[in-house]
Each structure stands twice: as structure tokens, then as C-alpha cells.
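S.K.: For reference, the structure I am asking about is given below.
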Amino acid sequence: MDAQKADMFIMTHAKFFEPHLLPAIREKLLQTDDSKYMMIQSVTYREPILMLIISILGGHFGIDRFIIGDMGLGVAKLLTCGGLGIWTIVDWFLIMERTKEVNFEKLRQIVG
Amino acid sequence: MTRKNLYFLLLFLGIAGQIWIVYSYIKLEQQEDSFNICLFKRVTSLPCPSCGTIHSIVSILHGDFREALSENPLGFPDLLLVAIVPFWILGDLVFRKETFYKIYLRSVEVLRIKGVLFAVLSVIFIIWLYKLGQALGWI
């Protein structure tokens, strides 16, 4: 992939990933074949801020964990009344970082 | 989720849950009502699917299974989770194994199969309807 496309991707998708991972992502993109560009673009990345809002509103039922794909933790959170209310609050602080992690995992599955 | 993050999150929550159960047990023994921590119930004054779990767990600890079932059937899986998971994780950390993490990954795979998650959520939804019925006087 040429540098212009990689930079464009980084610019438009910077908010979905951890800042310290961006240089590594750019390196990976440069090594990736051009044919994968459409696939990389078409993945639905979760918005961290939106997940925080969902966590505040519906975290009590584990909805945030379900949406980002941590099904096991989602069910556990739902069963225990949001982890007795403690987990709900803990997740307000963890969910954004976790969302970025999940986005990175999605990208890594394509880029390798 | 990495193994380390998962273990520390669940270990912290498991120990907090155990402390909360012991505290509620003592409170309920003294016939005092433990204070209501359920955000959903505070906001809407309606019960959430897992309201009544603590009363249910205390009933189980007293050996009164029928009372536990009528309070909230989710008390049984919750008590199992809180009783087993922290010790399992501690065991894994001490012996440097990954048994719990592997089971967790497997459970996530099973839940991703179409229908399984739907079945689990349906059961919880039925329990919620039952709790709502109790609270609103339908049953």
C-alpha cells in the first residue's frame, strides 16, 4: 500500500485506536497488499466515546460488553446486577480502552 | 482480552462480591434491610432481572432453596460464580496455568453460536418478567 493511502487511513481512523499503536499500524499498512485496502476500510470499528455513553446508560445490563463482543463478561455482568453495581462503575473507566483494543484486534485479523 | 487483564478484573470483582455477600448476610441476620445498590431500581423503582439475588443467596446459605427460587433463581449461578471464580483464578496465578482463561475463551465461542446467546437472554428475560410480576402484583 502506498504511503498516501496509509496516511489517509491513519488520519480518518485515529480515534479508533490507542495513540501509541498508530506508528505500528502505519508500518503494517505500508507492508500490506493494496487489494486488502477495501477490506480494511469496510470493517465496522466501534466508536470509543459511543461505547462510553452506552456503558453509562446500559452498563448495568452488560450491554456495552455484549456490543464489543465480550459475550462471556456480558452475561456475567447481566447475571450479577452489573457486578453488584461495582463492575458498572469500573467499566466506565475500562470500556474505552477495551473498545480500542477490540478495534485493533479486528484490524490485525486482516493485516496479519 | 489479555489473560492478565481478565484475571485481575474478575479477581477484584469476585473478592468484592464475596465481601458484599458476607456484609449482606450479617445485615440480614440482624433483620436490617441492606441498602439498595441497584441503579435501575433506584431510577425507575422497577426491579431489574437480577434484583433479589442477595436475598436469594442468603436463603441458599440458610438451606431454604424454595425461598431462594421464589426470590430470584439467578441466585444459584451467581453464588457459584462468586464462590468458585476467585479461587480458580488464584490457583491459576499460583501454579502459572491458564485453565480458567481457556474455559473463558471457549465459553465466548459457544455464546457466539447463533441461538445460544438468544436462549440465555430469553431465560433471563423470563426471570425479569417474573420479578416484574411480583413487584407489580400480577402474581
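For the record, the sequence lines run as chains A and B. Using the numbering used here, the first residue of the first sequence is number 38, and each one after it goes up by one. Using the numbering used here, the first residue of the second sequence is number 695, and each one after it goes up by one. All C-beta atoms, glycine included, are put in the ideal place defined by N, C-alpha and C.
(1) Could you pull out every residue in the same chain whose Cβ sits closer than 8 Å to the Cβ of Ile800(B), ignoring the five residues on either side in sequence?
(2) Between the Cα of Leu826(B) and the Cα atoms of Phe781(B), Ser739(B), Ile748(B) and Leu700(B), which residue gives the shortest distance?
(3) Could you work out which residue in Leu707(B), Val810(B) and Lys791(B) is closest to Ala777(B) when comparing CA atoms only?
(4) Sorted by chain position, which residues of the same chain lie with C-beta nearer than 6 Å to Val80(A)'s C-beta, five sequence neighbours on each side aside?
(5) Buried or exposed: where does Lys791(B) fall if 16 or more other Cβ atoms within 10 Å of its Cβ makes it buried?
(6) Please confirm if Trp714(B) has its CB atom under 9 Å from at least one CB of chain A.
(7) Look at the alpha carbon of Val802(B) and the alpha carbon of Lys114(A), and state the distance between them as a whole number of angstroms.
(8) Strictly under 9 Å for the Cβ-Cβ distance: is Val788(B) near chain A by that measure?
(9) I'd like to know whether the C-beta of Met108(A) is nearer than 9 Å to at least one C-beta of chain B.
(10) Kindly list, in the order they appear in chain B, the residues whose Cβ is closer than 8 Å to that of Ala61(A).
(11) Per DSSP, what kind of secondary structure is Glu142(A) in: helix, strand or coil?
(12) Is there a Cβ from chain B that is less than 9 Å from the Cβ of Phe98(A)?
(13) Does DSSP put Arg102(A) in a helix, in a strand, or in coil?
(14) Name the two residues that bound the continuous alpha helix (DSSP H) containing Ser79(A).
(15) Run down chain B in chain order and give the residues with a C-beta less than 8 Å from the C-beta of Thr125(A).
(16) What residues from the stretch 807-819 of chain B come within 7 Å of chain A, judged by C-beta to C-beta, listed N to C?
(17) Do the CB positions of Leu763(B) and Ser750(B) come within less than 9 Å of each other?
(18) Specify the secondary structure class of Cys118(A) as computed by DSSP and reduced to three states.
(19) What residues from the stretch 69-102 of chain A come within 8 Å of chain B, judged by C-beta to C-beta, listed N to C?
(20) Less than 9 Å separating the beta-carbons of Leu755(B) and Tyr719(B)?
(21) Quick one: is Val776(B) near chain A, going by C-beta distance under 9 Å?
(22) Residues of chain B with a CB under 9 Å from the CB of Gly122(A): which are they?
(23) On the three-state DSSP scale, how would you describe Ser753(B)?
M.R.: In terms of the structure at hand:
(1) Position 106 of the second sequence, counting from 1, holds the residue named residue 800(B). It is Arg, not Ile, that sits at residue 800(B) in the sequence shown. Excluding residues within five positions, none has a Cβ falling inside 8 Å.
(2) Along the second sequence, one-based indexing puts residue 826(B) at 132. Closest by alpha carbon: Ser739(B).
(3) Residue numbering aside, residue 777(B) sits at position 83 when the second sequence is read from its first letter. Of the listed residues, the one whose Cα sits closest to Ala777(B) is Leu707(B).
(4) By one-based count along the first sequence, residue 80(A) stands at place 43. The answer, listed in chain order, is Lys143.
(5) Residue mapping note: residue 791(B) aligns to position 97 of the second sequence, counting from 1. Classification for Lys791(B): exposed.
(6) In the second sequence, counting from the first residue as 1, residue 714(B) sits at position 20. Judged by the 9 Å Cβ criterion, Trp714(B) is in contact with chain A.
(7) For the purposes of this step, residue 802(B) is taken as the residue at position 108 of the second sequence. For the purposes of this step, residue 114(A) is taken as the residue at position 77 of the first sequence. If you take the alpha carbons of Val802(B) and Lys114(A), they lie about 14 Å apart.
(8) Residue 788(B) sits at position 94 when you count from the first residue of the second sequence. Not one chain A Cβ lies under 9 Å of Val788(B).
(9) Sequence index remark: in the first sequence, residue 108(A) carries index 71 (1-based). Closer than 9 Å to some Cβ of chain B, the Cβ of Met108(A) qualifies, so yes.
(10) For the purposes of this step, residue 61(A) is identified with residue 24 of the first sequence, where counting begins at 1. Within 8 Å Cβ-Cβ: nothing; Ala61(A) doesn't reach chain B, min ~17 Å.
(11) Translated into the one-based positions of the first sequence, residue 142(A) becomes position 105. Assignment of Glu142(A) by DSSP, reduced to helix, strand and coil, places it in the helix class.
(12) In the first sequence, residue 98(A) corresponds to position 61, counting from 1. At least one chain B Cβ lies under 9 Å of Phe98(A).
(13) For the purposes of this step, residue 102(A) is identified with residue 65 of the first sequence, where counting begins at 1. Reduced to three states, the DSSP call for Arg102(A) is helix.
(14) One-based indexing of the first sequence puts residue 79(A) at position 42. Ser79(A) -> alpha helix (DSSP H) spans Tyr74 to Ser79.
(15) Along the first sequence, read from residue 1 onward, the residue named residue 125(A) stands at position 88. Within chain B, the residues near Thr125(A) are Leu733.
(16) Leu811, Val814 and Ile818
(17) Reading the second sequence from its first residue, position 69 is the one you call residue 763(B). Reading the second sequence from its first residue, position 56 is the one you call residue 750(B). Yes, Cβ-Cβ distance for Leu763(B) and Ser750(B) is below 9 Å.
(18) On the first sequence, position 81 is the one that residue 118(A) refers to. Cys118(A) falls in the helix class under three-state DSSP.
(19) His97 and Phe98
(20) Within the second sequence, the letter at position 61 stands for residue 755(B). Within the second sequence, the letter at position 25 stands for residue 719(B). Yes, the Cβ-Cβ distance between Leu755(B) and Tyr719(B) is below 9 Å.
(21) Taking the first residue of the second sequence as position 1, residue 776(B) is located at position 82. So yes, Val776(B) belongs to the interface.
(22) By one-based count along the first sequence, residue 122(A) stands at place 85. By Cβ distance, chain B contributes Ile731, Cys732 and Leu733.
(23) Residue 753(B) sits at position 59 when you count from the first residue of the second sequence. The answer is helix: DSSP assigns Ser753(B) an H, G or I state.
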